[in-house]
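Q:
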Amino acid sequence: MTLDLARWQFALTSINHFFFVPITIGLAFLTAMLQTAWYRNERPEYLRLTRFFGTLLVINVAVGVVTGLVQEFEFGMNWSGYSRMVGNVFGAPLAMEGLFAFFLESTFLGLWIFGWDKLSRRVHLLTIWLVALGSILSAAFILMANSWMQHPVGYQMVNGKPQLNDFLAVMTNPVFLWGFTHVVLDSLVTGAVVMLAVSAWQLRKGRSPDDFGYPLRLSLAVLVPFLLLDMFVGSELGVIEARYQPMKIAASEAQWTTCRPCSFSLFQIGGGNNDHTPTQIIEIPHLLSLLATNSWNGKVVGLSPLQHQYSARYGPGYYVPDVFIQYWSIRVMAYVAGLVLLLGLWGLWLMRRKQVAAAHRFLWCATWAAITPFLMNTAGWLLTESGRQPWVVQGILLTRRGVSPSVSFTDLVISMVAFGLVYTGIAVVDAVLMIRFSRRELPAVPAAQAGPEGQSGIPAVQY
Amino acid sequence: MTLVEFWFLLIAILWTVFFVLEGFDFGVGMVHGIVGADEAGRRAAINTIGPLWDGNEVWLVVAGAAMFAVFPGWYATMFSGFYLAIVLLLAALIGRGISFEYRGKRDAESWRRTWDGLLTGGSFLAPLLIGVALGDLLHGLPINARLQYTGTFWNLLQPYGIFTGITLVALCIVHGCTFIALKTTGDLRGRAARLAIRAAPVTAAVLLAFVIWTHAIAGKGLLPNPVEIAGVLSIMAAAWLIRDDREGWAFAATTIAMALTVLSIFSELYPNVMVSSTRRAYSLTIHNTASGAYSLRVMTVVIAISLPVVLAYTAWTYYVFRRRLSDKDFRAQPTAH
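Top to bottom, those sequences are chains A and B.
Once you know that position 418 of the first sequence is 418 in the numbering used here, the rest is easy, because the numbers rise by one and skip nothing.
Once you know that position 43 of the second sequence is 506 in the numbering used here, the rest is easy, because the numbers rise by one and skip nothing.
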């Protein structure tokens with residue numbers, strides 16, 4: 001019970017945290033692009049757009065930062081067995097995240113928000129780019145840490161504990177390199193969808209295409225190529241994970257027996273942990289082989305033989321992750337991504353015909369697309385993290401051995417209620433503010449001319 | 464000095480820098496409602512730390528993460544042992560962190576009141592709880608032979624720990640008032656200065672009592688050493704300097720007092736990191752909780768590269784925002800969004 005509750009708590013807090021992170025990364029980049037556009041040609045509406053989307057960014061960063069604090073402390077609070085065991089490998093990237101990323105992001109965000117009238121235009125532009133860089137470095141270090149849990153490298157076992165002996169190996173872990181790229185692209189897609197949805201809403205409400213046509217086109221131009229790239233990287237990541245975590249991939253197809261070649265089912269009934277013969281509906285031949293092995297006739301070892309192998313290797317136990325979660329999370333992720341891609345292509349096609357700002361049906365769909373990144377992101381992380389179970393560190397430490405022995409059931413119930421209330425509260429406030437500020441008209445700013453001492457002469461956004 | 468000892472010192476320094484920097488913004492959070500006579504005054508007070516508090520808080524994250532990387536045994540036992548206290552700490556930091564961003568986002572009195580309440584409460588609770596935790600490390604907690612915490616939430620609340628918390632809160636208040644006096648002009652500057660002058664003697668007395676109590680706990684006789692006396696005197700000096708309108712020097716004095724206090728807790732603790740009240744032999748030390756030598760070397764390289772850069776741009780940020788704010792700046796314009 002204690003274990004389940006601790007797992008639920010970590011899952012819920014990290015899923016909630018990851019609602020805000022990709023928006024932050026994505027919007028930081030897009031805001032920086034808008035400000036760069038303003039820096040280059042000084043058109044006042046670019047400045048107004050920068051301030052508009054910058055406000056949305058700032059609303060999200062606040063929540064991302066404070067919920068990230070919880071993540072950082074939760075390892076020790078709920079997973080002290082884990083922390084004690086792997087801290088000397090896992091702790092280093094976490095500390096690097098603070099030193100290289102959080103300081104950069106927080107300090108330069110402060111400079112960006114409050115520095116409009118204190119910094120030259122060039123330096124002020126640099127601050128938003130450094131915020132974007134900080135957010136990306138943060139993703140890099142946390143994924144370095146996470147990838148080590150998926151595929152531990154660069155260590156040797158000393159007295160039953162993994163000891164770091166090659167940090168370069170941790171930094172070049174293939175799961176990390178592909179996973180990090182996947183998350184960065186995915187964050188850009190998230191930011192682009194949010195910008196697209198907001199611009200579409202504004203245009204539907206009859207706001208001037210002079211104002212919101214530009215962010216609409218910018219977000220479409222970012223969305224389509226990055227989403228295509230993201231889908232490719234995601235499928236490569238699948239191949240890598242199939243090599244190191246075969247259970248994860250077999251479970252995501254509910255593939256109980258070994259197959260060669262392997263088909264991919266679009267939809268199925270049954271196939272969970274107690275049902276080894278699902279009814280598959282509409283199979284696409286060879287697709288699973290391609291996805292899991294990059295080859296037309298690749299072999300995918302089934303869950304039952306894998307379970308047999310793992311029991312022989314690690315001792316008796318059940319080593320199959322939750323098949324239902326695996327099967328559906330990969331599909332939700334992929335299908336929603338497909339829909340977003342279609343939407344993006346539709347938008348590009350309308351853009352070529354110069355009709356996009358007035359295409360009401362498209363704008364309506366684009367507004368509602370705002371929820372899709374959250375579905376994709378959550379499904380993607382469920383696939384990754386639930387697929388690692390029952391391990392907390394693949395092959396080294398079982399999740400149930402990682403939990404804190406000194407934390408009681410009552411403690412967990414209290415913290416669950418406390419986090420539940422706080423997180424619900426901030427999620428509601430964040431959502432309300434996001435919607436309110438997304439619906440405002442562009443803020444008025446004095447015509448952009450250089451103030452005294454070459455400064456921008458624009459009042460800072462203050463608390 | 465071995466690498467393990469070096470890292471204990473470094474972690475003590477990280478906590479010290481955290482309290483020196485975030486200490487004043489905790490203080491500003493606690494007193495902004497008292498010092499600011501009206502909405503413009505409160506906003507001006509909050510804006511003195513506006514661009515700075517978020518970066519200051521990163522020192523806490525880094526201190527925690529460095530403990531995780533270098534002393535995983537310490538991090539694991541401390542964070543799981545202090546479980547409910549940390550839940551409360553996180554709630555306080557969350558409430559406070561988002562109140563900065565959100566209080567100005569709607570122009571309604573009740574909305575601002577709510578966020579102001581969270582800001583004040585969170586800023587008060589956070590240093591109190593961290594102080595209780597630091598005091599507990601030194602005082603001793605039930606820890607068994609496997610270096611696991613065996614107590615409950617109530618074991619954390621022993622008088623010495625609570626007094627450590629109160630001492631840090633008092634220091635934050637003087638430190639924060641001095642900061643506001645340093646960073647504002649006009650009415651706000653005067654009100655902050657008066658509060659600092661009034662709070663300083665009380666804080667000095669609390670600090671003196673804390674120092675003596677700490678000596679008693681560590682079993683080193685009751686007489687404070689010159690360094691600790693310097694801490695107490697700095698607080699008094701700060702009050703005196705503020706009266707002379709020399710806020711810069713006053714802020715240096717409160718910084719010294721804060722730094723000496725936090726450093727003295729860690730120096731009394733050494734070489735333990737968590738004292739066991741069950742049996743002295745079960746205490747966590749820098750040696751039985753440390754990571755392998757290779758990890759320490761990696762971390763040393765990391766900090767040697769990153770810390771100078773961080774310090775440089777942090778210093779530059781404080782330089783950019785060196786100008787004093789006035790509540791008049793905030794009276795002219797409506798709540799900015």
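For glycine and all other residues, C-beta sits at the position ideal for the given N, C-alpha and C.
Below 8 Å on the Cβ atoms is my guess for residue 271 (chain A) versus residue 323 (chain A); work out the distance and round it to an integer in Å.
A: Right, the Cβ-Cβ distance comes to about 6 Å (below 8 Å), so this counts as a contact.
Q: Can you check whether the CB of residue 466 (chain B) is closer than 8 Å to the CB of residue 759 (chain B)?
A: Yes, Cβ-Cβ distance for residue 759 (chain B) and residue 466 (chain B) is below 8 Å.
Q: Looking at residue 104 (chain A) and residue 137 (chain A), is the spacing between their C-beta atoms short of 8 Å?
A: Contact flag set, yes.
Q: For residue 295 (chain A), I'd like the list of residues in its chain whose CB is within less than 7 Å of its CB, leaving aside the five on either flank, ordered along the chain.
A: Excluding sequence neighbours, residue 295 (chain A) sits near 289.
Q: Go through the stretch 79-132 of chain A residue by residue and report every complete run of the beta strand (DSSP E) that reaches 3 residues or more, in order.
A: Qualifying beta strand (DSSP E) stretches: none in this window.
Q: Please compile the residues from chain B whose C-beta is within a distance smaller than 8 Å of the C-beta of residue 426 (chain A).
A: Neighbours of residue 426 (chain A) on chain B, chain order: 557 and 561.
Q: Can you find a CB in chain B that lies within less than 8 Å of the CB of residue 414 (chain A)?
A: It does; some Cβ of chain B falls within 8 Å.
Q: Output needed for residue 35 (chain A): all residues of its chain with C-beta closer than 6 Å, excluding positions within five of it in sequence on either side, in chain order.
A: Taken in chain order, the residues that qualify are 50, 125 and 128.
Q: Over the uninterrupted alpha helix (DSSP H) stretch that includes residue 423 (chain A), give me the two end residues.
A: Where residue 423 (chain A) is concerned, the enclosing alpha helix (DSSP H) stretches over 409-438.
Q: Is residue 801 (chain B) near residue 642 (chain B), with beta carbons less than 8 Å apart?
A: The displayed coordinates of chain B run from 464 to 800. Any statement about residue 801 (chain B) would go beyond what the structure contains.
Q: State the start and end residues of the unbroken alpha helix (DSSP H) segment that holds residue 256 (chain A).
A: Element bounds for residue 256 (chain A): n/a, residue is neither H nor E.
Q: According to DSSP, is residue 60 (chain A) part of a helix, a strand, or is it coil?
A: Correct three-state label for residue 60 (chain A): helix.
Q: Check the Cβ-Cβ distances between residue 542 (chain B) and every residue of chain A, and say whether any is below 8 Å.
A: Output row for residue 542 (chain B): interface = yes.
Q: Count Cβ pairs between the stretch 355-369 of chain A and the stretch 304-314 of chain A that sit closer than 8 Å; are there 3 or more?
A: With the cut-off at 8 Å, the stretch 355-369 of chain A and the stretch 304-314 of chain A do not touch.
Q: With a cut-off of 8 Å, does the C-beta of residue 451 (chain A) fall near any C-beta of chain B?
A: In this predicted model, residue 451 (chain A) has a pLDDT of only 41, less than 50, meaning its place in the structure is not dependable enough to derive any value.
Q: From which residue to which residue does the alpha helix (DSSP H) around residue 769 (chain B) run?
A: Counting along the chain, the alpha helix (DSSP H) containing residue 769 (chain B) begins and ends at 756-783.
Q: Can you name, in chain order, every residue of its own chain whose Cβ lies under 6 Å from the Cβ of residue 582 (chain B), other than the five neighbours on each side?
A: Hits under 6 Å: 492, 559 and 562.
Q: With distances taken Cα to Cα, identify the nearest neighbour of residue 455 (chain B) among A:366, A:48, A:109 and A:119.
A: As displayed, chain B neither begins before 464 nor continues past 800, which places residue 455 (chain B) out of reach and without an answer.
Q: So if DSSP puts residue 675 (chain B) in a beta bridge, which residue, or which two residues, is it bridged to?
A: DSSP lists no partner for residue 675 (chain B).
Q: Across the stretch 213-220 of chain A and the stretch 137-154 of chain A, are there enough close Cβ pairs to call them in contact, namely three or more that are closer than 8 Å?
A: Short answer: they don't touch.
Q: Kindly indicate the opening and closing residues of the alpha helix (DSSP H) around residue 283 (chain A).
A: Careful: residue 283 (chain A) lies outside any alpha helix (DSSP H), inside the beta strand (DSSP E) at 279-284.
Q: Taking the alpha carbon of residue 676 (chain B) as the reference point, which residue from B:496, B:630, B:782 and B:525 has its own alpha carbon closest?
A: The shortest Cα separation from residue 676 (chain B) among B:496, B:630, B:782 and B:525 belongs to B:630.
Q: Pick out whichever of A:197, A:200, A:132 and A:387 has its Cα sitting closest to the Cα of residue 253 (chain A).
A: Of the candidates A:197, A:200, A:132 and A:387, the one whose C-alpha sits nearest the C-alpha of residue 253 (chain A) is A:387.
Q: Relative to the alpha-carbon of residue 663 (chain B), which residue among B:777, B:580, B:548 and B:697 has its alpha-carbon at the smallest distance?
A: Cα-wise, what sits closest to residue 663 (chain B) is B:697.
Q: Between the Cα of residue 72 (chain A) and those of B:588, B:524 and B:541, spot the shortest distance and give me the residue it belongs to.
A: The shortest Cα separation from residue 72 (chain A) among B:588, B:524 and B:541 belongs to B:524.
Q: Note down, in chain order, all residues in the stretch 137-167 of chain A with a beta-carbon under 9 Å from any beta-carbon belonging to chain B.
A: Residues passing the 9 Å Cβ filter: 158, 161, 163, 164, 165, 166 and 167.
Q: For residue 269 (chain A), count the other beta carbons within 10 Å of its own beta carbon; 16 or more makes it buried, fewer makes it exposed. Which is it?
A: Counting Cβ neighbours within 10 Å, residue 269 (chain A) comes out exposed, since fewer than 16 surround it.
Q: Is residue 587 (chain B) close to chain A, meaning its C-beta is less than 8 Å from at least one C-beta of that chain?
A: Not an interface residue.
Q: Report the rounded CA-to-CA distance for residue 784 (chain B) versus residue 666 (chain B), giving the unit in angstroms.
A: Rounded to the nearest angstrom, the two C-alpha atoms are 29 Å apart.
Q: Per the DSSP calculation, residue 163 (chain A) is bridged to which residue(s)?
A: Paired residue(s): A:156.
Q: Between the Cα of residue 498 (chain B) and those of B:730, B:660 and B:721, spot the shortest distance and give me the residue it belongs to.
A: For residue 498 (chain B), the nearest C-alpha among the options comes from B:660.
Q: Report the partner residues of residue 509 (chain B) according to the DSSP bridge assignment.
A: Bridge partners of residue 509 (chain B): none, in fact.
Q: Indicate the three-state DSSP secondary structure (helix, strand or coil) for residue 367 (chain A) in the structure shown.
A: Helix, per DSSP.
Q: How is residue 318 (chain A) classed by DSSP in three states: helix, strand or coil?
A: Residue 318 (chain A): coil per DSSP, three-state reduction.
Q: Please go through the same chain and pick out, in chain order, the residues whose beta-carbon is closer than 6 Å to the beta-carbon of residue 326 (chain A), but skip the five residues on each side of it.
A: Hits under 6 Å: 251, 252 and 387.
Q: Cβ of residue 203 (chain A) within 7 Å of any heavy atom in the ligand PLP?
A: Ligands are entirely absent from the displayed structure, and the ligand PLP is therefore not among its contents.
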